[in-house]
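Student: Per our numbering, numbering of the sequence shown is gapless, rising by one per residue and ending at 201. Ideal Cβ positions, reconstructed from N, Cα and C, are used throughout, including at glycine.
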Amino acid sequence: MDVGRPLIRALRAAVFAVACVLVSAVLHVLAGGAGVRLETMAGALTLTWAGAFLLGRRQRGVEVLLAACFAAQYGMHHLFTAGAPPEVSAPATHGHGTGLGMLLVHVVAAVGSAWWLARGESALATLLHLAGASVSMAWAALLLLPAVPIEFGPAVRVTPWRGPVPPRRAPFAVVVSRRGPPVSFSVL
Numbered sequence: 014m015d016v017g018r019p020l021i022r023a024l025r026a027a028v029f030a031v032a033c034v035l036v037s038a039v040l041h042v043l044a045g046g047a048g049v050r051l052e053t054m055a056g057a058l059t060l061t062w063a064g065a066f067l068l069g070r071r072q073r074g075v076e077v078l079l080a081a082c083f084a085a086q087y088g089m090h091h092l093f094t095a096g097a098p099p100e101v102s103a104p105a106t107h108g109h110g111t112g113l114g115m116l117l118v119h120v121v122a123a124v125g126s127a128w129w130l131a132r133g134e135s136a137l138a139t140l141l142h143l144a145g146a147s148v149s150m151a152w153a154a155l156l157l158l159p160a161v162p163i164e165f166g167p168a169v170r171v172t173p174w175r176g177p178v179p180p181r182r183a184p185f186a187v188v189v190s191r192r193g194p195p196v197s198f199s200v201l
């Protein structure tokens with residue numbers, strides 16, 4: 014199986030978008046930003062899902078994921094700020110949410126998202142590869158079953174063997190112990 018198949022890609026993008034947007038929105042509010050409206054959250058989810066779906070055609074390196082997550086966090090910060098509820102004005106937040114703290118929150122969210130995505134992609138690719146290998150082996154075994162002839166004939170009478178019985182050996186009679194220093198050989 015491939016991680017780039019459309020259904021798997023869509024599911025991966027959905028899980029990533031939900032986790033990334035929810036974490037970003039919570040951290041945005043905790044850093045002093047205004048609350049995020051549901052319409053703004055839905056827009057952020059849609060845009061993040063679309064970006065993740067487009068990048069999910071194949072596995073990406075950490076540098077590409079980090080750049081994409083930084084871009085997503087930058088966009089979400091501006092989207093969350095512009096989409097703040099009208100009753101919360103800029104003077105009401107006393108300038109919180111626009112300084113270094115907000116920048117650090119979104120940087121941490123971007124780095125965490127990129128790390129999570131890279132690790133999850135690797136784990137999912139390994140899991141899908143193992144599942145695909147198991148299914149293909151089982152399928153091959155099922156396809157071989159009709160090729161094995163099954164014959165039902167008259168019962169064959171088997172007579173027991175009456176020859177000499179070999180002597181039984183103790184179960185550990187053949188064990189060789191190699192404890193101690195190696196045997197030295199003298200060369201003349």
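Does residue 59 pass the burial test, meaning 16 or more other C-beta atoms within 10 Å, or should it be called exposed?
Tutor: Exposed: under 16 other Cβ atoms inside 10 Å.
Student: Buried or exposed: where does residue 78 fall if 16 or more other Cβ atoms within 10 Å of its Cβ makes it buried?
Tutor: buried
Student: Threshold first: 4 residues or longer. Then list the alpha helix (DSSP H) segments lying entirely within the stretch 46 to 132, N to C.
Tutor: 51 to 68, 75 to 95
Student: Apart from the five residues just before and just after residue 93, which ones in its own chain have a Cβ nearer than 7 Å to its Cβ?
Tutor: 38, 41, 46, 49, 53
Student: Between the Cα of residue 127 and the Cα atoms of 73, 17, 150, 138, which residue gives the shortest distance?
Tutor: 73
Student: Would you identify the three-state DSSP class for residue 195, choosing helix, strand or coil?
Tutor: coil
Student: Could you tell me how far apart the beta carbons of residue 66 and residue 132 are, in whole angstroms, since I believe they sit closer than 8 Å?
Tutor: So it is not a contact: roughly 20 Å between Cβ atoms.
Student: Roughly how many angstroms lie between the CA atoms of residue 195 and residue 178, to the nearest whole one?
Tutor: 39 Å
Student: Measuring straight from C-alpha to C-alpha, what distance separates residue 8 and residue 98?
Tutor: This structure gives no information on residue 8, because the portion of the chain shown stretches from 14 to 201.
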